[in-house]
Amino acid sequence: AQRVTQPEKLLSVFKGAPVELKCNYSYSGSPELFWYVQYSRQRLQLLLRHISRESIKGFTADLNKGETSFHLKKPFAQEEDSAMYYCALDTGRRALTFGSGTRLQVQP
Amino acid sequence: DTEVTQTPKHLVMGMTNKKSLKCEQHMGHRAMYWYKQKAKKPPELMFVYSYEKLSINESVPSRFSPECPNSSLLNLHLHALQPEDSALYLCASSQTGQGTDEQFFGPGTRLTVL
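Heads up: the sequence lines are chains A and B, in that order.
Counting from 1, one number per residue, gives the positions in the first sequence under the numbering used here.
Counting from 109, one number per residue, gives the positions in the second sequence under the numbering used here.
Next up, the structure:
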């Protein structure tokens, strides 16, 4: 069965520091991978997906099939990046499996 | 209208009650989803409707009964729930239900079962 692992429950960094939120998955086929974000008092929303290969709000994520990882990175964290981040996997069933989430705190 | 709306925002019900959660979208999306989210946990998929047909049921107990009356509406009928069913129930929609589609989430209904 597919699984998504986010090893850090909480990641705390200072403003301007680099950020890396880790995500590993287990699935033998070709996965579709996403990062969803939930800001305080807002609904869950898509941040980026691997198929788009785009940068959103300065964040990027590269799918590494060899390491089965899809880590989220940003070179310089901003206070407004503080949120809950979920890595999610779709194996083609049209159903998302979410990781347990990482709370990012960016301190001033 | 580019949002998924859910009503009610909060619901408190007894174990013998029957209630329904409602979800609506007017983005022309043809796939709709119900997720359950317990406190400090990620969303867990319950049901997927694709073109108004139930396509995925993640072994959800029969006390939860989904309904998709049309392409814009999704209901979740609740009957004889248990206290452990207390959670945030999220609705989402996507354009076609393809794996690469972005899912748009509603704000959720916070359910408390007494």
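Using N, Cα and C, we set each Cβ at its ideal position, and we do this for glycine too.
Tell me the rounded alpha-carbon separation between residue i and residue j.
| i | j | result |
| --- | --- | --- |
| residue 112 (chain B) | residue 93 (chain A) | 22 Å |
| residue 44 (chain A) | residue 141 (chain B) | 14 Å |
| residue 4 (chain A) | residue 81 (chain A) | 22 Å |
| residue 12 (chain A) | residue 41 (chain A) | 20 Å |
| residue 79 (chain A) | residue 37 (chain A) | 15 Å |
| residue 189 (chain B) | residue 174 (chain B) | 14 Å |
| residue 121 (chain B) | residue 17 (chain A) | 47 Å |
So, using beta-carbon positions, are residue i and residue j closer together than 7 Å?
| i | j | result |
| --- | --- | --- |
| residue 186 (chain B) | residue 132 (chain B) | no |
| residue 102 (chain A) | residue 20 (chain A) | no |
| residue 89 (chain A) | residue 33 (chain A) | yes |
| residue 46 (chain A) | residue 61 (chain A) | no |
| residue 178 (chain B) | residue 130 (chain B) | no |
| residue 98 (chain A) | residue 86 (chain A) | yes |
| residue 199 (chain B) | residue 145 (chain B) | no |
Taking Cβ positions only, does residue i come closer than 7 Å to chain A?
| i | result |
| --- | --- |
| residue 150 (chain B) | yes |
| residue 155 (chain B) | no |
| residue 210 (chain B) | yes |
| residue 172 (chain B) | no |
Closer than 6 Å to a non-hydrogen atom of the ligand ADP - does that hold for the CB of residue i?
| i | result |
| --- | --- |
| residue 130 (chain B) | For the structure depicted, the ligand ADP is absent and the ligand set is empty, with no information on it obtainable. |
Are the C-beta of residue i and some C-beta of chain B separated by less than 7 Å?
| i | result |
| --- | --- |
| residue 51 (chain A) | yes |
| residue 100 (chain A) | yes |
| residue 103 (chain A) | no |
| residue 33 (chain A) | no |
| residue 41 (chain A) | no |
Smallest Cα separation from residue i: which of the options?
| i | options | result |
| --- | --- | --- |
| residue 116 (chain B) | B:164, B:197, B:172, B:151 | B:197 |
Can you list the beta strand (DSSP E) stretches of 3 or more residues lying completely in the stretch 115-191 of chain B, in chain order?
118-121, 126-133, 139-145, 152-158, 161-165, 172-178, 181-187
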